[in-house]
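Chains as they are written, first to last, in our numbering: chain A, 18 to 232; chain B, 18 to 232.
Here a beta-carbon is modelled for each residue, glycine too, at the ideal position from N, C-alpha and C.
These numbers were taken from a predicted model, which means no experiment stands behind them.
There are 2 protein chains.
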Amino acid sequence: MARTPDPLTRSRILDAADRLLARDGFRRMTIEGVAGEAGVGKGSVYLHFESKEDVALSCLDRMAEGVVRELGTLASSPGTPAQRLRSMLCSRVLMRFDYAKRHAPSIDEKLAVMRQALLERRSAHFAEEARLVAKLVAEGQADGSFRADPPAETSARAMVTATNALLPYSLSVRELGRRAALSTRLDELVELLLAGLGHPGPAVRKSPTRSRRSS
Amino acid sequence: MARTPDPLTRSRILDAADRLLARDGFRRMTIEGVAGEAGVGKGSVYLHFESKEDVALSCLDRMAEGVVRELGTLASSPGTPAQRLRSMLCSRVLMRFDYAKRHAPSIDEKLAVMRQALLERRSAHFAEEARLVAKLVAEGQADGSFRADPPAETSARAMVTATNALLPYSLSVRELGRRAALSTRLDELVELLLAGLGHPGPAVRKSPTRSRRSS
DNA sequence: AAACTGACCAGAACGCACTTCTGGTCATTT
DNA sequence: AAATGACCAGAAGTGCGTTCTGGTCAGTTT
Numbered sequence: 018m019a020r021t022p023d024p025l026t027r028s029r030i031l032d033a034a035d036r037l038l039a040r041d042g043f044r045r046m047t048i049e050g051v052a053g054e055a056g057v058g059k060g061s062v063y064l065h066f067e068s069k070e071d072v073a074l075s076c077l078d079r080m081a082e083g084v085v086r087e088l089g090t091l092a093s094s095p096g097t098p099a100q101r102l103r104s105m106l107c108s109r110v111l112m113r114f115d116y117a118k119r120h121a122p123s124i125d126e127k128l129a130v131m132r133q134a135l136l137e138r139r140s141a142h143f144a145e146e147a148r149l150v151a152k153l154v155a156e157g158q159a160d161g162s163f164r165a166d167p168p169a170e171t172s173a174r175a176m177v178t179a180t181n182a183l184l185p186y187s188l189s190v191r192e193l194g195r196r197a198a199l200s201t202r203l204d205e206l207v208e209l210l211l212a213g214l215g216h217p218g219p220a221v222r223k224s225p226t227r228s229r230r231s232s
Numbered sequence: 018m019a020r021t022p023d024p025l026t027r028s029r030i031l032d033a034a035d036r037l038l039a040r041d042g043f044r045r046m047t048i049e050g051v052a053g054e055a056g057v058g059k060g061s062v063y064l065h066f067e068s069k070e071d072v073a074l075s076c077l078d079r080m081a082e083g084v085v086r087e088l089g090t091l092a093s094s095p096g097t098p099a100q101r102l103r104s105m106l107c108s109r110v111l112m113r114f115d116y117a118k119r120h121a122p123s124i125d126e127k128l129a130v131m132r133q134a135l136l137e138r139r140s141a142h143f144a145e146e147a148r149l150v151a152k153l154v155a156e157g158q159a160d161g162s163f164r165a166d167p168p169a170e171t172s173a174r175a176m177v178t179a180t181n182a183l184l185p186y187s188l189s190v191r192e193l194g195r196r197a198a199l200s201t202r203l204d205e206l207v208e209l210l211l212a213g214l215g216h217p218g219p220a221v222r223k224s225p226t227r228s229r230r231s232s
């Protein structure tokens, strides 16, 4: 577990690690390099993280926590439940896509080196996202926007699963194609899922543009 | 491209390769071994296949062609469009799951060694499956079972994408969990997708049991 | 006393030379 | 004409020496 003497130092180490992971990938990243990049001594890294793997996994955790935060924000933003749900489902995919554009090699390496740990963390992240989705589905059911059957948790899980197919994990960022094309496929899928909730919507609706850099 | 002097010999070679792939994986499989297992001379393998990779990829092609054939059969079987569609979507996942139970290590190896060729073949298989799905969706639209919007091709593509999340590719067979649990998740997803077509169905329906061996 | 540092070192990773294996070829056999 | 299996270039494997690095902790700094 991470010990947190100074959260700012921890954050600086994660920033540094993110940069080195993006540039060199996981194997070639060294703790010495991260420490230097963060402006701390090498041993200081171990005041915050258990191991090199923990550093790398924590970078992914931080990204996923950002996704969860964003979903929380979208869930409580103005708009109908369907509109908000649409934004959430699209964001969870596109935010990861954008992160993966800068980290593709290191993600593959991490998967190769620490598959189980990574998949477990992923499962936890996905579960948290499904929980937020379920909450909004339940809200939509309560106000009559969505049909009451199946239970909100079931639909939420199915929707997370469905959109998982478009995450840059089994297919690389390059293999997923251009961001615009991915967005189109994502929109089509999300519309079908929303229709499944009893909310046939407009045939075309653009995904929220959360890109930091277009493909 | 495969040259086919004798289709029965070709089939025997593929059977042999399938057995060795399942037992040894791709790297450890040798052409000498396949030839011996098939009861032909080593050079004979090259009368049918271009390379060792071609042998392995052709095994996967054969499996996928089996899936497509099955989908075709289900598409023209008795039942409502929704029932048939449900069977098709479930079968495409579970047939691959069952194949992967015997071939998990070799699939990962093949992906590592010949990723591009394999993904291209996959795309072609998926496209063919989407075509069959679209045809049935169109039929359902024509008879009023499914809503007319979005176009059949769009919905079909989204449904193939969604169910792709449950294929044993990004997650291993072991990671996907027990077959029964996978079937449950698949059912939930397929019901939501069918509901999206304008066909809210019963909350629970068992996937067709196509298992050769239960998990 | 607590936080930070960087030298230390066991074992992991790398590089290289040598050995063994094998995918693809093709002269020979059927 | 189709099938075969010996051949061989180069791929893969092995063993060994060298270099690198993750994790540790005594010493230093705050």
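Based on Cα-Cα distance, which residue from the options lies nearest to residue i?
| i | options | result |
| --- | --- | --- |
| B/Ala34 | B/Glu67, B/Ala73 and B/Tyr63 | B/Ala73 |
| B/Ala81 | B/Ala212, B/Phe114 and B/Lys69 | B/Phe114 |
| A/Ala92 | A/Lys59, A/Val62, A/Ala212 and A/Ala147 | A/Ala147 |
| A/Asp78 | A/Phe163, A/Leu135 and A/Val190 | A/Leu135 |
| A/Pro185 | A/Val130, A/Leu210 and A/Arg119 | A/Arg119 |
| A/Val85 | A/Phe143, A/Pro122, A/Ala117 and A/Ile48 | A/Phe143 |
| A/Phe66 | A/Glu192, A/Val150, A/Thr26 and A/Met131 | A/Thr26 |
| A/Arg191 | B/Leu206, B/Arg132, B/Glu192 and B/Arg196 | B/Arg132 |
| A/Phe163 | A/Gly213, A/Ser140, A/Leu188 and A/Thr171 | A/Gly213 |
| A/Val130 | A/Gly56, A/Glu70, A/Gly161 and A/Val150 | A/Glu70 |
| A/Leu188 | A/Pro24, A/Ala121 and A/Ser75 | A/Ala121 |
| A/Ser28 | A/Ser61, A/Thr47, A/Glu49 and A/Met46 | A/Ser61 |
| A/Val75 | A/Asp32, A/Pro167 and A/Leu102 | Note that residue 75 of chain A corresponds to Ser in the displayed sequence, not to Val. That would be A/Asp32, whose Cα lies nearest to the Cα of A/Ser75. |
| A/Leu210 | B/Pro167, B/Leu193 and B/Thr90 | B/Pro167 |
| A/Ala52 | A/Leu193, A/Arg139 and A/Ile30 | A/Ile30 |
| A/Ala117 | A/Leu153, A/Arg195, A/Ser140 and A/Pro24 | A/Arg195 |
Tell me where the alpha helix (DSSP H) around residue i begins and ends.
| i | result |
| --- | --- |
| B/Arg195 | Premise fails: B/Arg195 is in no alpha helix (DSSP H) and is neither H nor E. |
| B/Met8 | In the structure displayed, chain B extends from 18 to 232; residue 8 of chain B sits before or after that span and is not available. |
| B/Phe43 | Pro24 to Arg45 |
| A/Met112 | Pro98 to Val130 |
| A/Arg174 | Ala169 to Asn181 |
Grouping DSSP H, G and I as helix and E and B as strand, with all else coil, what is residue i?
| i | result |
| --- | --- |
| B/Val57 | coil |
| B/Phe66 | coil |
| B/Ala165 | coil |
| A/His142 | helix |
| A/Ser189 | coil |
| A/Asp160 | coil |
| A/Leu203 | helix |
| A/Leu214 | coil |
| A/Leu184 | coil |
| B/Arg20 | Low local confidence applies: a pLDDT of 43 at B/Arg20 is under 50, so the model's placement there is unreliable, with the coordinate-based value given in what follows. Coil, per DSSP. |
Review point. Does the segment 202-219 of chain A come close enough to the segment 172-191 of chain B to have 3 or more Cβ pairs within less than 8 Å?
Key: Yes, since at least three Cβ pairs between the segment 202-219 of chain A and the segment 172-191 of chain B fall closer than 8 Å, the two stretches touch.
Check your understanding: On the three-pair Cβ rule with 8 Å, is the segment 40-48 of chain A touching the segment 120-132 of chain A?
Key -> As far as the Cβ criterion goes, the segment 40-48 of chain A touches the segment 120-132 of chain A, which means the pair count is three or higher.
Review point. Touching or not, the segment 96-103 of chain B and the segment 151-167 of chain B, by the rule of three or more beta carbon pairs under 8 Å?
Key: Cβ pair count under 8 Å is three or more, so yes.
Review point. Are there three or more Cβ pairs, one per stretch, closer than 8 Å when the segment 106-121 of chain B is compared with the segment 177-191 of chain B?
Key: Judged by Cβ distances under 8 Å, the segment 106-121 of chain B makes contact with the segment 177-191 of chain B, as three or more pairs qualify.
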